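S.K.: I'd like to ask some things about the structure below.
Now the structure itself:
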């Protein structure tokens, strides 16, 4: 079992544009979740989505900006439904585009509920969130 989710996606957009999609609250909401994010080190913010009471999730992800290196790296805490994890986005220029590495780490390897959450979140990071981010990038000026 793994205590982390790692993804690797290529976007045919420059790092500065991908960075904007990660750090502009309106664009971030369009592909991830509604939020009150501000790109400021130490800033607390939340993501909001549908609650899942059976999993002890009230629909609110409590976050804090832990690292902010424009336009290369954004690391946030991700605390919700019994999880106390971190998400890191690493942007690497590649040709005319950007390689985006996402790491969601800190899932308890021996905790069945956290492993179930890791599987659900992993499917989201790998699947529809990458597609939604691409749609957001295409729609940006």
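Residue numbers (the numbering used here): 612 to 752. The beta-carbon is built from N, C-alpha and C at its ideal position, and this holds for glycine as well. Computed from a predicted model, the values in this text were never measured in an experiment.
1) Let's see if you can read the secondary structure: which residues bound the beta strand (DSSP E) around residue 660?
2) Say yes only if the C-beta of residue 646 is nearer than 7 Å to one or more non-hydrogen atoms of the ligand GTP, and no if none qualify.
3) Where does residue 652 land, buried or exposed, given buried means 16+ other C-beta within 10 angstroms?
4) To the nearest angstrom, report how far apart residue 710 and residue 621 are at their CA atoms.
5) So residue 694 and residue 726 are supposed to be a Cβ contact under 8 Å. How far apart are they, rounded?
6) What's the gap between the Cα of residue 746 and the Cα of residue 629?
7) So, with DSSP's three-state summary, where would you put residue 701?
8) Count the other CB atoms within 10 Å of the CB of residue 642; is the residue buried (16 or more) or exposed (fewer)?
9) How about residue 671 and residue 640: are their beta carbons less than 8 Å apart?
10) With distances taken Cα to Cα, identify the nearest neighbour of residue 749 among 615, 617, 616 and 623.
11) Please classify residue 667: does DSSP put it in a helix, a strand, or coil?
12) With C-beta atoms as the reference, is residue 645 less than 8 Å away from residue 634?
M.R.: Per the coordinate set shown:
1) Counting along the chain, residue 660 falls outside any beta strand (DSSP E), and DSSP gives it neither H nor E.
2) As presented, the structure is devoid of all ligands, the ligand GTP included, so that no description of it is given.
3) exposed
4) 4 Å
5) With a Cβ gap of about 11 Å, residue 694 and residue 726 do not count as contacting.
6) 12 Å
7) strand
8) buried
9) no
10) 623
11) coil
12) no
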